[in-house]
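In case it helps, the working numbering puts the sequence shown at residues 180 to 641.
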Amino acid sequence: MFVHAAASQPRNLYIGVKLINMNLPADVSNIINVLESNGHEAYAVGGCVRDCILGKIPNDWDITTSAKPEEVKSLFERTFDTGIEHGTVTVLLSGVGYEVTTYRVDGKYNDGRHPESVTFTASLEEDLKRRDFTINAMAYNDSRGLVDLFGGQQDLDNKVIRAVGNPHSRFEEDALRMLRALRFSAQLGFDIEDTTRQAIRDLAPSLSKISAERIQVELVKLIVSDHPDRMVDVYETGLSRVFFPEFDTMMACDQLNKHHCYTVGMHTVHAMENIRADKVLRLAMLLHDIAKPNCKTVDEKGQNHFKGHPIKGADMAKDFLRRLKFDNDTIDKVQVLVRNHDERPEISQRNVRRMIIRVGQDNFCNLLAVKRADALAQSDYHRAEKMAYIDGLQAMYETILAQGDCLAIKDLKVSGKDLIELGIPQGKKIGEILQILFDEAVENPETNNRDYQLNKVLDMLK
Numbered sequence: 180m181f182v183h184a185a186a187s188q189p190r191n192l193y194i195g196v197k198l199i200n201m202n203l204p205a206d207v208s209n210i211i212n213v214l215e216s217n218g219h220e221a222y223a224v225g226g227c228v229r230d231c232i233l234g235k236i237p238n239d240w241d242i243t244t245s246a247k248p249e250e251v252k253s254l255f256e257r258t259f260d261t262g263i264e265h266g267t268v269t270v271l272l273s274g275v276g277y278e279v280t281t282y283r284v285d286g287k288y289n290d291g292r293h294p295e296s297v298t299f300t301a302s303l304e305e306d307l308k309r310r311d312f313t314i315n316a317m318a319y320n321d322s323r324g325l326v327d328l329f330g331g332q333q334d335l336d337n338k339v340i341r342a343v344g345n346p347h348s349r350f351e352e353d354a355l356r357m358l359r360a361l362r363f364s365a366q367l368g369f370d371i372e373d374t375t376r377q378a379i380r381d382l383a384p385s386l387s388k389i390s391a392e393r394i395q396v397e398l399v400k401l402i403v404s405d406h407p408d409r410m411v412d413v414y415e416t417g418l419s420r421v422f423f424p425e426f427d428t429m430m431a432c433d434q435l436n437k438h439h440c441y442t443v444g445m446h447t448v449h450a451m452e453n454i455r456a457d458k459v460l461r462l463a464m465l466l467h468d469i470a471k472p473n474c475k476t477v478d479e480k481g482q483n484h485f486k487g488h489p490i491k492g493a494d495m496a497k498d499f500l501r502r503l504k505f506d507n508d509t510i511d512k513v514q515v516l517v518r519n520h521d522e523r524p525e526i527s528q529r530n531v532r533r534m535i536i537r538v539g540q541d542n543f544c545n546l547l548a549v550k551r552a553d554a555l556a557q558s559d560y561h562r563a564e565k566m567a568y569i570d571g572l573q574a575m576y577e578t579i580l581a582q583g584d585c586l587a588i589k590d591l592k593v594s595g596k597d598l599i600e601l602g603i604p605q606g607k608k609i610g611e612i613l614q615i616l617f618d619e620a621v622e623n624p625e626t627n628n629r630d631y632q633l634n635k636v637l638d639m640l641k
């Protein structure tokens with residue numbers, strides 16, 4: 180149910196107005212000016228205002244207004260309804276879409292996700308009150324400056340994430356806000372304000388109401404941030420217990436082993452810190468030791484061993500990623516890295532060629548990065564030797580590439596077309612012959628020669 184509130188007189192003065200210049204983009208200023216010149220209020224609002232104050236370039240610009248959706252649509256030539264039931268109209272200018280949303284008050288949240296009703300209002304203050312965190316509850320236009328009713332700028336200065344008003348109320352409205360708090364903390368390097376943190380602990384189980392897709396988005400943003408170590412906060416607040424209980428088990432699993440100085444969970448966190456901020460790589464480090472608690476054994480000396488954990492870990496990683504609805508390409512790439520992260524073949528051209536083929540040439544450099552991050556997150560026992568080994572793999576990989584060695588069937592000097600011209604009918608036989616030629620070329624690169632391979636095929640046909 181959606182209700183239009185009775186219009187009230189616009190307030191001429193907002194507590195917390197600050198006169199600053201944010202250099203709004205021309206199109207944003209244009210939208211605001213058109214709305215204001217037609218008797219409405221309008222402001223840039225939310226994350227774009229926050230980012231401007233932080234000196235960052237916003238990814239997008241949202242505008243809030245006292246104008247009703249139909250009034251917004253009447254003032255601009257090109258619009259389309261993106262969330263008309265929630266008051267949002269997208270205005271298209273210069274090929275870019277800008278979301279323009281009517282001031283609103285949300286009704287009760289019965290499911291921890293959606294308000295049962297939305298009421299349009301003429302009050303900017305009422306609209307800002309419903310937002311999640313103080314740093315996202317600021318508005319700006321050139322005529323009135325910064326409207327900051329809840330201390331958002333001060334919290335930016337103090338590097339604090341604080342819920343607007345009562346944090347329990349904000350998180351009961353939308354449980355995903357708890358994970359968003361930790362995501363913003365990770366992205367900005369901010370601390371969570373104490374009462375906000377306690378509310379997350381109190382209400383953590385309600386995250387179960389949130390879809391896997393929405394959790395996935397926040398998790399990825401957190402782990403690819405500059406502070407993937409905030410996964411510890413996800414654990415300590417109880418949120419991981421809801422969507423990633425394997426991580427809780429990892430955090431509690433000791434590694435009494437000369438190669439390690441952290442629990443499995445803390446080793447995982449440090450490994451994420453040691454690799455570049457790429458989704459697949461950070462997910463691989465998050466999950467590379469997921470099976471260690473399941474594979475843990477203790478020898479007669481009290482030392483822990485984790486035999487077989489990469490193989491089992493690849494399966495567990497797949498289960499986790501499917502649970503959070505990741506795409507198949509991401510799942511496949513992460514699985515390959517988890518399965519092979521502990522492989523240590525003797526360094527020779529043959530062995531490394533086989534490893535490149537097994538992992539995939541596109542994944543091999545990522546695997547080297549995973550190995551380095553893993554080693555750097557262990558104890559310093561034999562660390563120099565471990566890093567030298569990885570450097571050796573890298574050097575051999577570069578040598579193999581420089582030689583142009585055959586690493587895929589497409590690298591063979593003959594093709595399926597050549598075999599057809601020799602009289603071999605299209606079908607399974609061509610694939611079998613190419614595989615024989617490929618296996619030989621991997622073992623003996625000098626055999627990847629067109630004349631040799633054509634003669635070999637002719638011999639096979641006799």
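Glycine included, C-beta positions come from ideal geometry on N, C-alpha and C.
- Linking MET445 to ALA567 through their CA atoms gives a straight-line distance of about 24 Å.
- Around the C-beta of GLU352, 16 or more other C-beta atoms lie within 10 Å, and the residue is accordingly described as buried.
- VAL228 is the residue among LEU546, VAL228 and LEU580 whose C-alpha sits nearest the C-alpha of MET201.
- Per DSSP, reduced to three states, the secondary structure at PHE259 is strand.
- Residue burial annotation: GLY492 is buried, with at least 16 other C-beta atoms found within 10 angstroms of its C-beta.
- The beta carbons of ILE599 and PHE617 sit no closer together than 7 Å.
- If you draw a straight line from the Cα of HIS520 to the Cα of ARG376, it is about 35 Å long.
- In the structure shown, the three-state DSSP call for VAL268 is strand.
- If you look at GLU397, you'll find it in the alpha helix (DSSP H) that goes 391–402.
- Checking the DSSP bridge columns, you'll see TYR319 partnered with ALA223 and LEU325.
- In the displayed model, THR313 falls within a helix according to three-state DSSP.
- In the DSSP assignment, GLY276 falls within the unbroken beta strand (DSSP E) covering 275–281.
- DSSP, reduced to helix, strand and coil, places ASN483 within a strand of the structure shown.
- The alpha-carbon of ASN634 is positioned some 31 Å away from that of MET575.
- In the DSSP assignment, VAL339 is bridged to ASP370.
- Assigned with DSSP and collapsed to three states, VAL513 falls in helix.
- When the Cα atoms are used, THR442 and ASP206 turn out to be separated by approximately 52 Å.
- Going by DSSP, ILE242 is part of the beta strand (DSSP E) stretching over 241–244.
- Contact annotation: the stretch 395–402 does not touch the stretch 430–439, with fewer than three C-beta pairs closer than 8 Å.
- In this chain, the alpha helix (DSSP H) harbouring CYS474 covers 471–474.
- Assignment of beta-bridge partners to VAL477 by DSSP yields ASN483.
- Across the structure, LEU460 and LYS512 are spaced so that their CA atoms are roughly 9 Å apart.
- DSSP places ASN542 within a helical segment (H, G or I) once states are collapsed to three.
- Here the alpha carbon of LYS504 sits roughly 12 Å from the alpha carbon of ALA496.
- At a Cβ-Cβ threshold of 7 Å, VAL343 and ALA316 count as neighbours.
- Taking a 10 Å sphere around the C-beta of MET357, we find 16 or more other C-beta atoms and assign the residue as buried.
- A direct Cα-to-Cα measurement between THR261 and THR269 gives close to 6 Å.
- Comparing alpha-carbon positions, the option among ARG349, GLU622 and GLN366 lying closest to LEU335 turns out to be GLN366.
- In the structure shown, PHE423 falls within a coil segment according to DSSP collapsed to helix, strand and coil.
- Using a Cβ-Cβ distance cut-off of 8 Å, the stretch 453–473 and the stretch 578–592 are not in contact, since fewer than three pairs of beta carbons, one from each stretch, lie closer than that value.
- Between GLN557 and HIS484, the C-beta gap is not smaller than 7 Å, which leaves the two residues out of contact.
- Taking C-alpha positions only, ASN530 is separated from GLN540 by approximately 14 Å.
- Annotated three-state conformation of HIS446 is helix, per DSSP.
- SER302 is the residue among ASP230, SER302 and PHE423 whose C-alpha sits nearest the C-alpha of SER245.
- Its Cα nearest to that of THR416, the residue ARG380 stands out among GLU392, ARG380, SER387 and LYS437.
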